[in-house]
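Those protein sequences? They're chains A and B, same order as listed.
Residues are numbered in this note's numbering as their position in the first sequence, beginning at 1, plus a constant of 1.
Residues are numbered in this note's numbering as their position in the second sequence, beginning at 1, plus a constant of 1.
Everything on this sheet refers to the single structure shown next.
Number of protein chains: 2
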Amino acid sequence: MPVTDVAIDKIKDMIISGELAPGDRLPKEAELAQRLGLSRSSLREAVKALCLIRVLDVRQGDGTYVTSLEPNLLLDAMTFVVDFHRDDTVLDFLAVRRILEPAATALAALHMGDEDIAELGALLDELADAPTVEALVANDLQFHRKIADGSGNPVLCSLLDSLSGPTARARIWRGLTQEGAVARTREQHTAIYEAIAAREPELARSWATVHIAGVEQWLRSTLTPAENTAEGPAEAEPEEPAAAAS
Amino acid sequence: MPVTDVAIDKIKDMIISGELAPGDRLPKEAELAQRLGLSRSSLREAVKALCLIRVLDVRQGDGTYVTSLEPNLLLDAMTFVVDFHRDDTVLDFLAVRRILEPAATALAALHMGDEDIAELGALLDELADAPTVEALVANDLQFHRKIADGSGNPVLCSLLDSLSGPTARARIWRGLTQEGAVARTREQHTAIYEAIAAREPELARSWATVHIAGVEQWLRSTLTPAENTAEGPAEAEPEEPAAAAS
DNA sequence: CACACCGAAACATCCGAGGTCTCTGTAGGG
DNA sequence: CCCTACAGAGACCTCGGATGTTTCGGTGTG
Chain A
2 MPVTDVAIDK IKDMIISGEL APGDRLPKEA ELAQRLGLSR SSLREAVKAL CLIRVLDVRQ
62 GDGTYVTSLE PNLLLDAMTF VVDFHRDDTV LDFLAVRRIL EPAATALAAL HMGDEDIAEL
122 GALLDELADA PTVEALVAND LQFHRKIADG SGNPVLCSLL DSLSGPTARA RIWRGLTQEG
182 AVARTREQHT AIYEAIAARE PELARSWATV HIAGVEQWLR STLTPAENTA EGPAEAEPEE
242 PAAAAS
Chain B
2 MPVTDVAIDK IKDMIISGEL APGDRLPKEA ELAQRLGLSR SSLREAVKAL CLIRVLDVRQ
62 GDGTYVTSLE PNLLLDAMTF VVDFHRDDTV LDFLAVRRIL EPAATALAAL HMGDEDIAEL
122 GALLDELADA PTVEALVAND LQFHRKIADG SGNPVLCSLL DSLSGPTARA RIWRGLTQEG
182 AVARTREQHT AIYEAIAARE PELARSWATV HIAGVEQWLR STLTPAENTA EGPAEAEPEE
242 PAAAAS
């Protein structure tokens with residue numbers, strides 16, 4: 002095994018064993034390199050890799066630190082990973098989201114604070130009558146993120162956040178082909194909000210299920226007969242959508 | 002932004018745009034470095050980072066390649082991330098697993114092939130009467146992995162695989178050996194298998210829920226009163242608890 | 001046709017030399 | 001006494017080159 006990989010494991014072990022706690026500062030490059038028995042160059046490769054997955058945080062002119070290692074930070078690295086998936090696997094991601102989102106919504110109905118619920122309602126009102134696509138998607142993301150956060154489980158929240166990434170594109174596409182998508186989305190969002198506000202977990206769960214299933218069904222019917230444009234490198238969205246949903 | 006991070010994004014874009022397809026070989030280090038406008042050292046840091054999350058695969062003496070980018074490969078990198086979490090967040094991970102596992106089990110009851118179901122049953126029989134801890138862990142892992150795989154959703158499968166981190170699981174399993182919970186676990190495994198074999202998704206889902214909830218409950222009761230030994234760097238497990246497993 | 005050898009290609013590792021940024025202690029002014 | 005500006009030290013950033021290791025593929029022999 003390359004020395005760099007060994008270094009990665011060593012640093013990992015130092016953190017897991019507790020020798021390096023969250024927030025701690027690592028020895029300086031030269032020192033740590035000597036201690037691990039490799040060159041600074043190789044050590045830097047290891048540090049950079051751990052940096053990408055948010056385990057370490059290097060600050061030029063200061064030092065290298067262990068991050069807080071909180072679930073949201075680490076799982077947030079998964080967003081980077083998820084970005085690599087093409088449209089053919091979006092359905093699989095959406096299917097997982099379909100499992101998690103209703104559960105999160107039900108939990109939110111139980112655990113969400115009154116203040117947060119008020120803010121959730123405010124989000125719905127913020128949306129203009131004729132919003133732009135960007136505004137809609139942003140609002141939609143915020144809405145679902147707030148609910149996920151309201152579940153009280155940071156892991157669940159971050160996971161949903163990551164999963165939303167690749168499906169966001171699909172959500173935008175939905176606007177093109179579905180006329181009433183905007184209105185329906187707003188109705189469903191409102192229903193979800195009201196169920197949460199009424200502290201009705203099962204009702205909230207059902208609305209969330211309906212909500213996600215709608216996107217899933219639409220996406221499935223859109224992708225299946227359109228196997229033609231599967232390839233074609235570097236193709237971007239050819240046209241602009243009118244609305245979005247999720 | 003450091004040039005290395007720029008390089009990471011550039012390579013990422015080259016892959017997402019389709020310029021580099023899965024399995025493709027990258028230009029040699031010196032060439033790619035010049036093309037991206039940085040030194041070989043810095044480029045190597047970028048490559049190493051992308052290597053850790055399984056996007057690239059470097060083979061000494063041969064070249065650097067783009068991996069298959071399959072969901073299982075990429076999400077597999079999450080296992081590495083999950084390893085960093087201490088016991089205080091294990092409950093949150095388990096809660097997510099409690100949501101996903103029943104759903105996967107229900108899906109497996111619907112989609113699993115007859116052959117795979119037979120293999121699942123064989124797994125149960127393989128276990129000796131007085132298995133070692135290692136055998137138990139291995140068998141348990143295989144059992145749940147096979148079910149997750151049977152859901153037909155590779156994303157769901159990989160996610161579940163990552164969530165049930167080998168580390169946490171081993172610890173839990175070690176605890177169960179001290180009591181009769183081994184028997185209960187085997188009974189539940191058998192019940193899950195029979196529900197799948199009978200093509201009863203709802204029954205399978207319920208058994209899976211019961212199964213995971215058992216661990217969760219045990220883990221919660223074990224962790225809560227033991228808030229005392231929270232700190233103390235590099236301390237190992239002083240003693241082992243006794244209860245259920247998954 | 002099969003096997004062993006050999007050279008080219010590519011990555012692995014190391015070293016040392018500047019460059020740049022951040023923190024911090026210090027001195028001056030208000 | 002407090003605040004601000006400045007200079008130094010410490011740490012990371014980037015680069016270029018040299019040398020070792022591994023793998024692949026062509027070549028020659030039995």
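All residues carry an ideal CB built from backbone N, CA and C; glycine is no exception.
Start-to-end residues for the beta strand (DSSP E) that takes in residue 58 of chain A = 57-60
Measure the CB-CB distance between residue 4 of chain A and residue 39 of chain A and report whether it falls below 8 Å.
-> yes
So, residue 90 of chain B versus residue 72 of chain A, is the Cβ gap smaller than 8 Å?
-> yes
Are the C-beta of residue 45 of chain B and some C-beta of chain A separated by less than 8 Å?
-> Yes, contact with chain A.
When the distance is taken between beta carbons, is residue 165 of chain B closer than 8 Å to residue 76 of chain B?
-> no
Grab me the residues of residue 54 of chain B's own chain with a C-beta within less than 6 Å of its C-beta, minus the 5 sequence neighbours each way, in chain order.
-> 78
Residue 8 of chain B versus residue 43 of chain A - alpha carbon distance = 18 Å
Considering only residues of the same chain and omitting the five flanking positions on each side of residue 58 of chain A, which have a CB-CB separation below 6 Å?
-> Short of 6 Å from the beta carbon of residue 58 of chain A, and not among the five residues preceding or following it, lie these beta carbons of its own chain, in chain order: 66, 68.
Using a Cβ-Cβ cut-off of less than 8 Å, give me the residues of the segment 125-152 of chain A that come near chain B, in sequence order.
-> none
Would you call the segment 96-103 of chain B and the segment 148-164 of chain B in contact, with 3 or more CB pairs under 8 Å?
-> yes
Report the rounded CA-to-CA distance for residue 129 of chain B versus residue 183 of chain B, giving the unit in angstroms.
-> 12 Å
Note down the Cα distance separating residue 241 of chain A from residue 14 of chain B, rounded to an integer number of angstroms.
-> Only weak support exists for where residue 241 of chain A lies, its pLDDT of 40 falling under 50; the value from the coordinates is given anyway. Their Cα atoms are separated by approximately 21 Å.
Mind checking whether residue 197 of chain A and residue 109 of chain A have CB atoms under 8 Å apart?
-> Yes; because the gap between Cβ atoms is below 8 Å, this pair is in contact.
Between the beta-carbon of residue 144 of chain B and the beta-carbon of residue 212 of chain B, is there less than 8 Å?
-> no
Reducing DSSP to helix, strand and coil, say where residue 41 of chain B ends up.
-> helix
Taking 8 Å as the CB-CB cut-off, is residue 79 of chain A touching chain B?
-> Yes, because at least one Cβ of chain B sits closer than 8 Å to the Cβ of residue 79 of chain A.
Among B/26, B/46, B/28, which one has its Cα closest to the Cα of residue 6 of chain B?
-> Ranked by Cα distance from residue 6 of chain B, the options B/26, B/46, B/28 are led by B/46.
At what residues does the beta strand (DSSP E) containing residue 65 of chain B begin and finish?
-> 64-67
Measuring only between beta-carbons, confirm whether residue 12 of chain A sits less than 8 Å from chain B.
-> By this cut-off, residue 12 of chain A is not an interface position.
Assuming residue 26 of chain B and residue 62 of chain B make a contact with CB atoms under 8 Å, what is their CB distance in whole Å?
-> Actually they do not touch by this definition, with Cβ atoms about 13 Å apart.
Since residue 298 of chain B and residue 148 of chain B are thought to touch, with beta carbons under 8 Å apart, how far apart are those beta carbons, to the nearest angstrom?
-> The requested residue 298 of chain B is not part of the displayed model; chain B covers only 2 to 247.
Helix, strand or coil for residue 26 of chain B per DSSP?
-> strand
Among B/151, B/96, B/139, B/88, nearest to residue 119 of chain B - alpha-carbon criterion = B/151
Under a Cβ-count criterion, where at least 16 other Cβ atoms within 10 Å of its own Cβ denotes burial, should residue 86 of chain B be classed as buried or exposed?
-> Flag for residue 86 of chain B reads buried.
Where the segment 15-34 of chain A meets chain B: residues whose CB sits under 8 Å from a CB there = 16, 17, 18, 19, 20, 22
Where do the ends of the alpha helix (DSSP H) carrying residue 164 of chain B lie?
-> 155-164
Quick one: list the residues of chain B neighbouring residue 157 of chain A, beta-carbon separation under 9 Å, in chain order.
-> 93, 96, 97, 100
With a cut-off of 8 Å, does the C-beta of residue 243 of chain B fall near any C-beta of chain A?
-> Low confidence applies to residue 243 of chain B: its pLDDT is 42, below 50, so where it sits in the model is not reliable, and the reading given next is rough at best. Answer no: the Cβ-Cβ gap between residue 243 of chain B and chain A never drops below 8 Å.
At what residues does the alpha helix (DSSP H) containing residue 122 of chain B begin and finish?
-> First-last of the alpha helix (DSSP H) with residue 122 of chain B: 115-127.
Would residue 23 of chain B pass as a contact of residue 36 of chain B if the rule is Cβ separation under 8 Å?
-> Residue 23 of chain B places its beta carbon 8 Å or farther from that of residue 36 of chain B.
For residue 201 of chain A, which residues of its own chain have a beta-carbon under 7 Å away from its beta-carbon, when the five flanking residues on both sides are left out?
-> 110
Looking at the structure shown, is residue 202 of chain B part of a helix, part of a strand, or coil, going by DSSP?
-> Note: residue 202 of chain B maps to helix in three-state DSSP.
Use the C-beta contact count for residue 60 of chain A: other C-beta atoms within 10 angstroms, 16 or more gives buried, fewer gives exposed.
-> exposed
Ends of the alpha helix (DSSP H) at residue 103 of chain A?
-> 91-112
Could you work out which residues of chain B lie near residue 54 of chain A, taking near to mean beta carbons separated by less than 8 Å?
-> Neighbours of residue 54 of chain A on chain B, chain order: 53, 54, 78, 81, 82.
Of the choices A/141, A/31, A/95, A/56, whose alpha-carbon is the least far from that of residue 188 of chain A?
-> A/141
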